[in-house]
Every structure is written in C-alpha cells, then in structure tokens.
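Just so you know, the protein sequences line up as chains A and B, in that order. Just remember that my numbering sits 43 ahead of the position in the first sequence, which is counted from 1. Just remember that my numbering sits 43 ahead of the position in the second sequence, which is counted from 1. For glycine and all other residues, C-beta sits at the position ideal for the given N, C-alpha and C.
Protein chains: 2
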Amino acid sequence: MYAMITFDRNWQFPFMTKTRSSAQTENAIPRHNYHHGDLRRALLDAAVQFIETHGVEAVSVRAVAKMAGVSPGAPFRHFATRTALLTAVAEEALNRLAGAITLSLQAAAEQNPLLQFRAIGVGFLRWAFANPTHFQVISARAVIDFEGSPLRQRNDAIRTRMNALMNEAAATGLLRPGDVGRHQIAARALVYGLARMYVDGQFPSWGLDESKALQESIAILDQFIASISA
Amino acid sequence: MYAMITFDRNWQFPFMTKTRSSAQTENAIPRHNYHHGDLRRALLDAAVQFIETHGVEAVSVRAVAKMAGVSPGAPFRHFATRTALLTAVAEEALNRLAGAITLSLQAAAEQNPLLQFRAIGVGFLRWAFANPTHFQVISARAVIDFEGSPLRQRNDAIRTRMNALMNEAAATGLLRPGDVGRHQIAARALVYGLARMYVDGQFPSWGLDESKALQESIAILDQFIASISA
DNA sequence: ACCTGAACACCGTTCAAGT
DNA sequence: ACCTGAACACCGTTCAAGT
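Structure representation (structure tokens):
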C-alpha cells in the first residue's frame, strides 16, 4: 500500500524566480508537500514512538525515516544531525513539562510559598511518571544538545522560580534553620533522583511497588517538605 | 611499532588431545598468550579509557579492540556481546564502590546508626565524584545487563545494610516522626540525584561550583540528615 | 522545495581459517 | 586455545539527480 503522494504545488524550477508574496497570491492552495505535508512533525512523532519501545540511545535516523515512510536521507533536510532530531524532541518535552508545572502552580496559587514550592515538585513528578519517554530524553544530555538550544533557558526559568519561592518561605519563617540554597538543591536532587530511579527501573529493587510509584514518590516528597518545615 | 607477539605455548591441534592437568605438568611456563597474556583485562581497561573520553553510549567493540591492538572479532571470545563487555566494567565498578562504602562504614563503626547510615551516603558520594566514569556505567542500565549479573546482589546487599541501620536509628529514637522507609528512600534518591546531577553536568546550571561539588554535596546530605533527626 | 537513492565510512557480530 | 580477517546486515551523513 502506498502513502498518498502529491507534488509540491509551490515548487518551481530555480530559474522560475518569483517573490514569496506573489507566489502566495497566485496560488492560495495550502501546500500539501511531497508525501507528508509535514515531515518534520511526522519524524518527531515517529522518534517518540521509537523511543517508547527501544529507548533513546537506540534511535537511528534511518529507522525513524522508515517509520515515517521516507528515504534515509530525507530527515536531514529537517534536522542537521541525529542530535538535532533528539534535541527537538527534548524541546517539545520541556515545553510540556513547563506547562504541567505552571498548571500545578496555579492550583496552589493561594497556598504558602513552601507549598507552592512543593507544587512544582509534584508537577514535575506527575509529568515525569506520566511521560517517562520524554523525561528520559530531556535527561539524556549525552545525546541532546542542551546548551545550544532554548532548553537551557527554560530550565533556568524553572530554577529561578523555585529559588524565589524558597527564599520567600525562609523570609516568612516557614523553614527550620539551615542553608536555604541547600534545602533547594536537596529538594531538586530528591525529586530528580526519584524520577530517575523510576524510569531506570530501580523501584522494584528498592522494594517499591511500581504501580504506586507516583503516589509513593509524592509521599516521600511530602515527608521531606515536612522535615525542612519550621 | 609492533606489539610483542608470542605464540600460546599451550596451544595444540585439536587431535593432540590431553587433559588439562597433564598439560600443566608437561609445560609449567605460564601461558603468555597470543599478544596480551590477558586480553580480557586489556579490553576492560581500554573500555574504561574510551568511556572517559567519549561516554558510555559511544563505546564500540571495534574501537576498544583497536585500542587493545587486536582484530574486530577478538573481543567476542571474551565477551559474548557489547553489553557483556560493559556489564563486566560495571561489575568491577560496583566492587570498588562496595569497597569504598565498607571503608567509610568502618571509619564510622563507633558512631550511632544514623551517622553510620550517613557514612554510606558519604562513601557513595566520594566514590561517585572520584570515579564519574564508573558511576555512569553502573547507572546506565540501558546498556548493561543489571539483572543477569552479580550486580543485583551487590546492590541488594548495600540496600539491606542501609535498611538495618535506618531501623536501628528509628528504634533508638534518633529519627523524628515519619515513615522510616520513606526517609531511607529519600536519602537514597537524594544521594543518587546529586551524583547524577554532577556527572550529567548539571551542577553549573544550578549555580553550584563544580570544584566544590563533593564538599557541597556532603553538606547537603548532612543538612538532610539533620532535618530527619529527632 | 523537498525527496530519492547511491555512496562513504562506520557499526556489532559471526565464522572459517590460521598459528 | 586464541586470534585474524572477510563477510553480513546494519549505522549517520552527504550529495547529485529526480519531480
């Protein structure tokens, strides 16, 4: 069975030069490109699907291309390297994570700073446990280009927010004595460690029921928050 | 320049069958095998060296073979698969980790259970920060065979020890109220999370000086221990 | 413009042949 | 017994050629 093949209606031989605007005027039919209309989108989806079954490291551009029904070289028109493809997946993932955290924060908007801080952790855990594939991708800094992408700023924004809440909590006397920065890093390491232990399949070996992983992880976070409370 | 090549003095054509003991009696000269005497050892060392510069995922059996000065197929006489090679590296790593923890525990033998529990964490951090390559390998469960190796039991032994110390701490009134198991997992996730954040290069993005990473991590652990103390 | 398909330099792994 | 080296089925990436 063949995929429906259409030719790019906007395509023109190089010598048939015209401006973009005039092309749009002359031909308003939305470009349904060769094969997909949106190979970029199809490749990102195929990559996620592949990662779900074979893991991040096993991703091959050729396999993803085959899943999308195109030739081995086609993806390189949209992503310069394998890393660029995986980085694009990571960017989508982090966008969704930021969304989940924002939602979680909004639900806790009326609560005290420490509980808002907790809400970020809960949002992170909820997201990571529900989207282990995406979490793995944003954590796999060996195969993505973290520094050379908006990933870095997104990450910094979340960190800054946590920082502000923690300082506010300290200022309003919600924390027991201790270095505020260290409490913050501890919370971050705790939540990150829990998520990693889960996706790395370490929960069973630590005597934790995987079906109650999220529930238990939130309970652990809550006990930690209680421990650092005044 | 050629590596020194010697022929296996114990080698014999298949039809020249004799028992192993008689072979040893007839020829006491220690087998200095073809090329290395110990290709297995050479491959493990080459693998670690390779991982230090290129990361675990990038390990190729061919590259490791070339580093050891042998043909592409040679390693497969000692390790059935690429995974088996990396798993062997992980086993060495975990043995050393267990050694470091034992040492750390011995130094704290006179202290209370909670401080002994802390000592395990400090031993782990010290080891992980000093041997990031080995830590990465034992954490990379995607590329090693964790379940089908002594790794699992080694890991369980450490966990059991932590469990016992934590229960003892609870029994002797050293812990503040809360679920003991959750305190234990929290400590584990905290320490694992810190080590991973370090090797994943996340310390700078969290505003932590990498040169003081170990020192700061221990301080964070100590503050956590203080938080859960009665 | 976007994709194909051949080509190049790599992989992991197997296996007959050499010593 | 242990290693070589060719072979097979894969990779990522490039690029001239097609539509």
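Could you work out which residue in the options is closest to residue i when comparing CA atoms only?
| i | options | result |
| --- | --- | --- |
| glycine 221/B | Ala171/B, Gly250/B, Ala273/B | Ala273/B |
| alanine 101/B | Asn206/B, Ala133/B, Ala162/B, Arg125/B | Arg125/B |
| alanine 162/B | Gln149/B, Ala173/B, Phe172/B, Ala171/B | Gln149/B |
| alanine 173/B | Tyr241/B, Arg225/B, Leu129/B | Tyr241/B |
| glycine 98/A | Val186/B, Leu129/B, Gln227/B | Val186/B |
| isoleucine 181/B | Val132/B, Val165/B, Ala143/B, Phe160/B | Val132/B |
| glycine 191/B | Thr96/B, Thr215/B, Ala127/B, Gln258/B | Ala127/B |
| leucine 82/A | Met110/A, Thr96/A, Leu217/A, Arg225/A | Met110/A |
| isoleucine 193/A | Glu253/A, Ala207/A, Asn138/A, Gln258/A | One detail in the question is off: residue 193/A reads as proline in this sequence, not isoleucine. Taking only the C-alpha atoms, the option nearest proline 193/A is Asn138/A. |
Whole angstroms are fine: how far does the CA of residue j sit from the CA of residue i?
| i | j | result |
| --- | --- | --- |
| leucine 168/A | leucine 86/A | 27 Å |
| alanine 238/B | arginine 120/A | 38 Å |
| arginine 202/A | valine 223/B | 30 Å |
| threonine 130/B | valine 91/B | 12 Å |
| proline 175/B | proline 247/B | 16 Å |
| glutamine 245/B | tyrosine 235/A | 11 Å |
| glutamate 134/B | phenylalanine 122/B | 13 Å |
| alanine 42/A | arginine 197/A | Outside the displayed span of chain A (44 to 273) sits residue 42/A, for which this structure offers no information. |
| leucine 251/B | aspartate 199/A | 13 Å |
| tryptophan 249/A | aspartate 243/A | 12 Å |
| valine 208/A | histidine 226/B | It should be pointed out that residue 208/A corresponds to leucine in this sequence rather than to valine. Looking at the two C-alpha atoms, the distance is approximately 24 Å. |
| phenylalanine 93/A | phenylalanine 160/B | 41 Å |
| serine 254/B | alanine 151/B | 26 Å |
| alanine 256/B | arginine 219/B | 28 Å |
| serine 114/B | glutamine 258/A | 52 Å |
Skipping 5 residues on each side, what residues in its chain have a beta carbon closer than 8 Å to that of residue i?
| i | result |
| --- | --- |
| alanine 84/B | It is worth fixing the name first, because residue 84/B is arginine in this sequence and not alanine. Excluding sequence neighbours, arginine 84/B sits near nothing in its chain. |
| glutamate 211/A | Pro156 |
| phenylalanine 267/A | Ala229, Ala230, Leu233 |
| arginine 195/A | Phe189 |
| valine 165/A | Ser147, Ile261, Leu264 |
| leucine 217/A | Asn155, Pro156, Leu157, Ser272, Ala273 |
| valine 107/B | Leu86, Ala89, Ala90, Phe93, Pro118, Leu128 |
By a C-beta neighbour count over all protein chains shown, 10 Å radius and 16 as the cutoff for buried, is residue i buried or exposed?
| i | result |
| --- | --- |
| leucine 146/B | exposed |
| serine 270/A | buried |
| alanine 89/B | buried |
| alanine 183/A | buried |
| alanine 214/A | exposed |
| glutamate 95/B | exposed |
How is residue i classed by DSSP in three states: helix, strand or coil?
| i | result |
| --- | --- |
| serine 272/B | strand |
| leucine 218/A | strand |
| asparagine 138/B | helix |
| aspartate 265/A | helix |
| serine 92/B | For the sequence presented, residue 92/B should be read as glutamine rather than serine. Glutamine 92/B falls in the helix class under three-state DSSP. |
| isoleucine 187/A | coil |
| alanine 66/A | Low per-residue confidence applies at alanine 66/A: pLDDT is 30, beneath 50, and the placement is therefore not dependable, though the value from the model is reported in the following sentence. Helix at alanine 66/A. |
| arginine 74/A | Because the pLDDT of arginine 74/A is 39, which lies under 50, any placement of that residue in the model is unreliable, and the question is left without a value. |
| proline 57/A | Low confidence applies to proline 57/A: its pLDDT is 35, below 50, so where it sits in the model is not reliable, and the reading given next is rough at best. Proline 57/A: coil per DSSP, three-state reduction. |
| threonine 124/B | coil |
| glutamine 149/B | helix |
| phenylalanine 172/A | helix |
| valine 102/B | coil |
| glutamine 258/A | helix |
| proline 115/B | coil |
| phenylalanine 246/B | coil |
| glycine 80/A | coil |
| serine 182/A | helix |
| proline 193/A | coil |
| leucine 251/B | coil |
Skipping 5 residues on each side, what residues in its chain have a beta carbon closer than 6 Å to that of residue i?
| i | result |
| --- | --- |
| histidine 177/B | Ala136 |
| valine 104/B | Pro118, Arg125 |
| alanine 143/A | Gly166, Trp170 |
| glutamine 179/B | Val99, Val242 |
Could you tell me whether any non-hydrogen atom of the ligand HEM is closer than 7 Å to the CB of residue i?
| i | result |
| --- | --- |
| alanine 256/A | With respect to the ligand HEM, the structure offers nothing, as it holds no ligand at all. |
Report all residues from its chain with a CB closer than 7 Å to the CB of residue i; omit the five preceding and five following residues, and keep chain order.
| i | result |
| --- | --- |
| asparagine 206/B | Gln227 |
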